[in-house]
Amino acid sequence: MNRMERAIATVVGSAVGDALGAPFEFGPPGAFSARFPELGHGGEMCGGGGWEPGEATDDTQMAVLVAESLLQQGALDLPDVFARFQQWAVSDPKDIGLQTEDVLTNGMEWDVAAAVHFQVNQRAAGNGSLMRASTSAVYFARAGQSLTMDAARRIAALTHGDRAAWEGTAIFHELIRLTLADADPLCALPDVLNLVHPNHRQRYAEVLAVDWHPDQATEFNGAVWPCLGSAVWALRRTTSFEGAIRAAVDVGGDTDTVAAVTGGLAGAYYGLDAIPAHWTEPLHVPLPGAGGRVLRLADLIDLGHRLETGRVDG
């Protein structure tokens, strides 16, 4: 499998997971398999809960905003990314995390808004920076380990003041980088954990351990640790893209984001051809604040292609 296929599948796979998981958000474990007990029968892009069949949520919308900033600016321009986030946040998206909304609408500058939010609330380890990381992970993958993890932390810090969120996003970036280079991300996890900030390493080591199960989570999976842990667990315990996404949604809770993160990892791992066509055909990404623009599969494939070939300048 060539690198380009893996890169495109990272972007498409994350969007697919997001759209599949959205109707099951905040539902109980096992709801997806209870409704769709057999693999490959179709109909899983069912919509519901305010979502159209195949409609991606804020997870993918924000990932697209990051991608378009990187490609149009030709580099990581943090004020530009933040401005795009702000425009989107005030354009009435169907869903936006409470913390992310507060940071983007509190009127503060890009380099202090998240930090001040964290100082006041002392809680900012949500999965909202991890959920949007598929596109930046592809863009920075060719730049090497240090730059890709640094970029992940800097983009995460735009909305999340807690370093725990930065480190989880950096782990995801590095796992994607390794997978695009044909390395096994699961085998590489011990080495990746050594790159995590010492204050957060043990927490991530627990949720990324071989014997960890989502049932052992000590927080709701809207937090960054169990979200990433559940995604890696889903990849580890299954043998196909479809199986990984089904396992992720069946965890319950914050299903769109757990499945989006899983979809990015599984897409890179299994490639574009492994993503069922009956999942990609109805896939679409509305972009609030962009004049009614809606991205579909061909657009996401093109986006992934451009991210893989784009110039990287940290």
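Read in this note's numbering, the sequence shown has 307 at position 314, and its numbers run on one by one without any break.
In this text, a Cβ means the ideal position worked out from N, Cα and C, and glycines have one as well.
Because the structure is a prediction, the values reported are computed rather than measured.
Within the same chain, Cβ atoms closer than 6 Å to the Cβ of D247 are found at N214, G215, the five residues on either side in sequence being excluded. In terms of Cβ geometry, V242 and A253 do not form a close pair [threshold 7 Å]. Per DSSP, the continuous beta strand (DSSP E) segment holding R289 begins and ends at 287 to 289.
Counting every other CB atom within 10 Å of its CB across the protein chains shown gives E212 a total below 16, marking it as exposed.
P30 counts as exposed, since fewer than 16 other C-beta atoms from the protein chains shown sit within 10 angstroms of its C-beta.
Put simply, of H34, P86, M38 the residue whose alpha carbon is nearest the alpha carbon of M55 is P86.
Around the CB of Q65, fewer than 16 other CB atoms lie within 10 Å, so the residue is classed as exposed.
Annotated three-state conformation of W44 is strand, per DSSP. Collapsing the DSSP output to three states places A68 in coil. With contacts defined as CB atoms closer than 7 Å, A49 and D11 qualify as a contacting pair. One Cα belongs to H153, the other to H206, and the distance between them is close to 26 Å.
Taking the Cβ atoms as the reference, I169 lies roughly 6 Å from T3, within the contact range of under 8 Å. For T273, the CB contacts under 8 Å within the same chain, skipping 5 residues up- and downstream, are V5, V9, L290 in chain order. Nearest Cα to P178 within the set F165, S223, A145, I294: F165. M(-6) has its alpha-carbon roughly 25 Å from the corresponding atom of L140. In summary, V96 is buried, with 16 or more beta-carbon neighbours lying within 10 Å of its beta-carbon over all protein chains present. Listed in chain order, the beta strand (DSSP E) elements of length 3 or more contained wholly in the region 265 to 289 are 277 to 279, 287 to 289.
DSSP places T250 inside the alpha helix (DSSP H), whose first and last residues are 248 to 263. The region 39 to 46 makes contact with the region 14 to 23: 3 or more CB pairs, one atom from each, lie closer than 8 Å.
Across the structure, L276 and L300 are spaced so that their CA atoms are roughly 20 Å apart. With contacts defined as CB atoms closer than 7 Å, D51 and I89 qualify as a contacting pair. By the Cβ criterion, the region 97 to 108 is not in contact with the region 128 to 139, since fewer than three pairs of Cβ atoms, one from each stretch, lie closer than 8 Å.
Taking E94 as reference, the option from S122, D70, Y263 with the minimal CA-CA separation is S122.
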